[in-house]
Amino acid sequence: MMDQASTTLKDDLRQAINWLASFGKTENDGVTRLLYDEAWQRAQQALAQKMNNSGLLVRFDDVGNLFGRLPGTEDKAPVILTGSHLDTVVDGGKYDGAFGVLASFLAVDRLRQQFGAPKRTLEVVALCEEEGSRFPISFWGSGSITGAYQQSDAAGLEDSSGVRFIDAMQQAGFGKGDYPAPARNDIACFIETHVEQGSTLELEQNTWAAVTHIVGQQRYTITLTGESNHAGTTPMDRRHDTVYAAARMIAHVIRRAEQAQNGLVATVGRIKVAPNVPNVVPGSCSFTLDIRHHQSDVINRFSGQAVADFRQQARKAGISIQITKWMDALPVPLDPKLAELGYSLAQKAGIPCKKMVSGAGHDSQIFGSYCPTALLFVPSHNGISHSPNEFTKLDDLETGVQMLMKLLHHLAY
Ligand SMILES: [Zn+2]
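Under numbering that gives the first Met the number 0, the first residue of the sequence shown is numbered 0, with each subsequent residue one higher.
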C-alpha cells in the first residue's frame, strides 16, 4: 500500500487538477465538459472510481449528481454536504467548479486518514450542472437536490444541435429511475469552495474569503421610439434622435452607479439601433441595464430612480419609451454563523482573509435558500475565469483545502 504521508497536499492537488482537466481537454489547454456529454460522463465515472478507491460510499442520483459518503458514528444526523459542479463552459478553465469538487474530496479523504470516522456524516458531491452552457437551464444539479427543479422542468429543452435534454440524460444513463430521485431532505448544511472569478482577493493580497452574500440582479430592456429621418435635411432642433437620447440616459445611469460607491454595479451591455445606417437619424434604439447589489432595497432604490429618470429624459426629448424588467433575482444571504466560523478559523491560522460579497452566481445561492450554506473563495489570478487562462497558485489552492478541512473538522468531529 502506498504511504499516504509521502505525498504532500500540494502534490495531490497538482495531480488531481490536471487529472480532472484531462476529461474534455481542448486544444487551447482549456476544458469543455458539458452536461451529459462524453467527457462529462468519463469524468463522473472516473471520479466515482476515485471516491470508491478511497473508501467512500459512492452513489449517483437520477439526474447524475455524484456523491461520496463518509458515514458518521451518529449516522441518523443530517449530513454535511460539500462540493461544487463538474461541468464547465465551452473552453473554460481547470478550476471553476472542478477545484471545489477536488478540494472537498481531498479534504474528506485526508480527514478520514487523520481522524477516522467523523461523528456527523460527510458527503462529497460533484454536482452535474451549474453553468447553463449546453441547455438553456442552469443550476440543474443543485436545483434538483433542493427541489427547485423537477425532471419535467428540463425534459423538453434542446441543446444548440437539437438534441433533446431527456435523450441526452437517458443516453448518459440517467432519468430512467435507475438511481434514487435527486430531491433530498437530510442535508444539514452545504459547504462550497470556489475560485473567486474576480481580482479582489489578489489585489488586496488576501488568500481566502468567506462569502456573506451572493448579489441579487435586476435586468431591464429600455426601448426608445422616435422618428427616422434624413441625416442631411433634418435640422438639429427637429429631430427625435433615439441614439442621442439613449446615450444621455446611459451616461446618466452609469454616472449614478459610480457616484453611489456602495458596491452597486450597473452595466449597459447591449445596444440595438434601427435602422442602423450611417445617414439616417435613428428612429429606434433599445438598450439593456443590469443592476447588482447584495441588498434588495439598494437595488430597488437605484432601479426605481433610473426608471423615473429615463421617463423624464424621454419626455424632454419628445421620444416614447418602454421599459421592461425581465429578471429580478433576489440577493441570497449565506449562513452568517458558518461565514464567521470560517473567518475566525482562518484568522487564527494567520491566513490573510476577508469576508466578501460574490458578484457571480454559484450553486451556493440555490442551497442558500434551502439550508445553512457557506461559500469559500480562493484567489483567481488577474480575476480571469471562464477561460483556459484561469489560474490559481498552488499555495492558494492548498490554503483552500486546509481551510475546508478545518471547517469540516470543526463541524463533523
Ligand atoms: Zn463555478
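Quick reminder that beta carbons are idealized off the backbone N, C-alpha and C, glycines included.
| Asked | Found |
| --- | --- |
| Using only CA atoms, which one of D327, K49, S159 lies nearest to L105? | K49 |
| Say the cut is 8 Å; is the CB of E129 nearer than that to a heavy atom of ligand 1? | yes |
| Thinking C-beta only, is H361 closer than 9 Å to P332? | no |
| Apply the 10 Å Cβ neighbour rule to P179 and answer buried if 16 or more other Cβ atoms are within range, or exposed otherwise. | exposed |
| Return helix, strand or coil for H361, following the three-state DSSP convention. | coil |
| May I have a chain-ordered list of the beta strand (DSSP E) segments no shorter than 3 residues that lie completely inside the segment 291 to 370? | 319 to 328, 352 to 357 |
| Return the chain-ordered list of same chain residues with a C-beta closer than 8 Å to the C-beta of L337, the five sequence neighbours on each side being excluded. | C188, I190, A209, P371, T372, A373, L406 |
| Report the residue ranges of all beta strand (DSSP E) runs contained in full by the segment 72 to 108; include only those spanning at least 3 residues, in chain order. | 78 to 84 |
| For F59, count neighbouring C-beta atoms within 10 Å of its own C-beta (all shown protein chains included) and say buried if the count is 16 or more, exposed if not. | buried |
| Can you tell which of T81, P181, D240, L33 has its C-alpha closest to the C-alpha of H229? | D240 |
| Hey, is the segment 99 to 113 in contact with the segment 144 to 158, meaning 3+ C-beta pairs nearer than 8 Å? | no |
| Taking 9 Å as the cut-off, decide whether the C-beta atoms of Q43 and G67 are in contact. | no |
| So for V123, helix, strand or coil by DSSP? | strand |
| Is it right to say N205 is buried, meaning 16 or more other beta carbons lie within 10 angstroms of its own, or is it exposed? | buried |
| Confirm the yes/no value for this check: CB of G96, any heavy atom of ligand 1, distance under 8 Å. | yes |
| Restricting to runs no shorter than 3 residues, where is the beta strand (DSSP E) found entirely within the segment 223 to 284? | 264 to 266, 270 to 273 |
| Tell me whether Q216 sits in a helix, a strand or coil according to DSSP, three-state version. | strand |
| Taking the straight line between their C-alpha atoms, what separation do you get for R13 and T6? | 11 Å |
| Is any non-hydrogen atom of ligand 1 found closer than 8 Å to the C-beta of S83, if you look at the structure I gave you? | yes |
| For the putative contact between R109 and V214, defined by C-beta atoms under 8 Å, what is the C-beta separation to the nearest angstrom? | 33 Å between Cβ atoms; not a contact. |
| Just verifying my parser: in three-state terms, what is the DSSP assignment at D2? | In this prediction, D2 scores a pLDDT of 47, lower than 50, which makes its location untrustworthy; no coordinate-derived value is stated. |
| Tell me whether H361, by its Cβ, gets closer than 8 Å to a heavy atom of ligand 1. | yes |
| Please state whether the Cβ-Cβ distance between T220 and C284 is less than 9 Å. | no |
| Between L393 and I320, what straight-line distance do the alpha-carbon atoms span, to the nearest angstrom? | 52 Å |
| Does the Cβ-Cβ distance between H217 and A328 come in under 9 Å? | The sequence given here places Gln at residue 217; His does not occur at that position. Yes. Within cutoff. |
| Can you name the start and end residues of the beta strand (DSSP E) that L69 belongs to? | 65 to 69 |
| In whole angstroms, what separates the C-alpha of V124 from that of L46? | 10 Å |
| DSSP three-state label for T192, please. | strand |
| Under 8 Å by Cβ, that's how I've got G142 and I365 pegged, so tell me the actual separation to the nearest angstrom. | 6 Å |
| If we ignore side chains and look at the alpha-carbon of each, how far apart do N414 and G131 end up? | What the structure shows of the chain is the stretch from 0 to 412, and residue 414 is not part of that stretch, so it cannot be assessed. |
| Buried or exposed: which applies to A193, given that a residue is buried once 16 or more other Cβ atoms fall within 10 Å of its Cβ? | Contrary to the premise, residue 193 reads as His rather than Ala in this sequence. It is buried - the Cβ of H193 has at least 16 other Cβ atoms within 10 Å. |
| Go through the segment 129 to 195 residue by residue and report every complete run of the alpha helix (DSSP H) that reaches 4 residues or more, in order. | 139 to 144, 151 to 154, 164 to 170 |
| Consider the C-beta atom of G193 and the heavy atoms of ligand 1; say whether any pair is separated by less than 8 Å. | Inspection of the sequence shows that residue 193 is occupied by His rather than by Gly. Yes - ligand 1 has a heavy atom lying nearer than 8 Å to the Cβ of H193. |
| Would you report the Cα separation of D95 and S384, rounded to the nearest angstrom? | 7 Å |
| I'd like the span of the alpha helix (DSSP H) that includes T398, first residue to last. | 393 to 411 |
| Could you check if Q196 is buried or exposed, using at least 16 other CB atoms within 10 Å of its CB as the buried criterion? | buried |
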